[in-house]
Amino acid sequence: MNIDHLRYILEVEKQGSISKAAKVLYLNQPYLSKVIQEVENDLGLKIFKRSHHGMEVTNRGQEVIAKIENIIKDFNELSHLSSLEETLSFHVAVPSSSVFVEVLKELISQNKESSYHIHYEEEGPKNIIEKVSNGDVDFGILRCFDFSEVYYENQLLYRNLKSSLLSTSKLKLLISSHSPHAKKQTLSIGELKNDVHIIHGTSMPGHTMSFVQSLLEKEGVDRSIMVSERETMYSLLSSMDDAFMWSTHLPKSVLDCYDLCLKECNDYEIVIKDFLIYRKGYVFSNEALKYIERLKGALNNEY
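Residues 0 to 302 (numbering that gives the first Met the number 0) are what the sequence shown spells out, left to right.
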């Protein structure tokens with residue numbers, strides 16, 4: 000139970016209907032029903048009873064509603080006081096990528112004297128969409144390949160979510176600076192057929208991974224290592240002269256730290272897109288907008 004859940008209870012009471020409240024709150028109806036049930040279970044009483052008139056408040060529910068109204072009033076007063084201080088605060092779900100981490104580090108370093116409360120989650124695309132839809136995070140960054148864009152557009156439409164394109168880029172090949180291929184301007188997959196393909200397993204949905212693997216197998220690449228941690232991935236690439244992985248743009252600080260380099264792939268063009276996704280009606284704070292704008296620049300290699 001959190002403050003948003005209490006607001007949802009008040010909206011259901013005001014609308015007299017879960018479906019109407021869900022529409023006002025820009026939430027899907029099953030999720031709102033689940034929240035109400037969880038709150039009632041936590042309190043050990045029924046706030047609403049269903050009738051042919053809709054959702055009616057029970058006698059005990061009337062007491063709960065009155066207390067919730069007081070809690071919301073007190074919370075709003077506290078929020079007003081806290082807004083007088085310079086606070087960096089948002090909750091975001093993003094793909095597992097060093098670009099997002101580096102931008103976050105930079106934002107924090109520029110706000111050392113300020114208060115900040117940031118909740119940062121790394122998730123796959125399916126979980127990011129679900130968390131944004133359910134209101135578990137303020138907003139998310141959805142990363143997808145161009146061939147799966149329509150699929151995700153339909154998922155966002157089904158969940159009544161909005162999106163905005165942040166960047167479009169081509170995947171590159173990430174290798175050790177000590178690799179025999181390091182001095183080449185571009186690489187073909189055929190040149191890597193004896194090398195080891197490093198896969199960051201948590202960053203790719205199954206259908207995408209199958210597609211990428213099929214391309215490599217077609218070119219004779221038959222060795223791979225799948226890892227779930229970014230540090231392990233970079234450590235392997237750094238220590239193996241015969242390893243590579245697909246990657247988007249990476250900050251120079253990351254490349255230098257692990258002694259890695261990015262190369263254009265001259266026989267396959269795999270396009271990746273990053274979208275900002277959010278619930279309809281959601282209002283971004285100035286701090287969140289600063290992060291998004293900085294992130295957009297980093298994704299487009301402007302810094």
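Just so you know, even glycine gets a beta-carbon here, dropped at the ideal spot from N, CA and C. Because the structure is a prediction, the values reported are computed rather than measured.
Check your understanding: Given G139, which residues of its chain have a CB within under 6 Å of its CB, disregarding the five upstream and five downstream residues?
Key -> So the list reads A92, I127, V131, I276, once near-sequence residues are dropped.
Point to revise | From K13, G280, L298, residue whose alpha carbon lies closest to that of F274 | key: Ranked by Cα distance from F274, the options K13, G280, L298 are led by L298.
Practice item. Can you check DSSP and say which residues form a bridge with H199? Key: Per DSSP, V226.
Review point. When burial is assigned at 16 or more other CB atoms within 10 Å of the CB, is P124 buried or exposed?
Key: Within a 10 Å sphere around the beta-carbon of P124 sit 16 or more other beta-carbons, which makes this residue buried.
Check your understanding: In its own chain, which residues sit with a C-beta less than 8 Å from the C-beta of S252, not counting the 5 before and 5 after it?
Key -> Within the same chain, S252 has close Cβ partners E101.
Check your understanding: F74 and G60 look like a contact to me (Cβ under 8 Å); what is the Cβ gap, rounded to whole Å?
Key -> The Cβ separation is near 20 Å, so there is no contact.
Check your understanding: So, helix, strand or coil for T185, using DSSP?
Key -> Three-state result, T185: strand.
Check your understanding: When you compare only the Cα positions, how much space is there between L42 and L164?
Key -> Spanning the two alpha carbons is a distance of roughly 42 Å.
Practice item. Might you give, ordered along the chain, the residues of its own chain that have their beta carbon closer than 8 Å to the beta carbon of I64, omitting 5 neighbours on each side? Key: If we look at I64 and ignore the five residues flanking it on each side, its Cβ neighbours are I8, L9, E12, I46, V56.
Review point. Less than 7 Å separating the beta-carbons of S178 and D240?
Key: Cβ distance < 7 Å, so S178 and D240 count as in contact.
**Study point:** 7 Å Cβ cutoff met for E263 and T185
**Key:** A Cβ-Cβ contact shorter than 7 Å links E263 with T185.
Practice item. Whole angstroms is fine: what's the gap from L5's alpha carbon to G189's? Key: Computed Cα separation, rounded: 58 Å.
**Study point:** Y277 - containing beta strand (DSSP E), residue span
**Key:** DSSP places Y277 in the uninterrupted beta strand (DSSP E) bounded by 270-278.
Practice item. Could you check what DSSP says for S158 in three-state terms: helix, strand or coil? Key: The question names Ser, but residue 158 in the sequence shown is Arg. DSSP places R158 in coil when its eight states are reduced to three.
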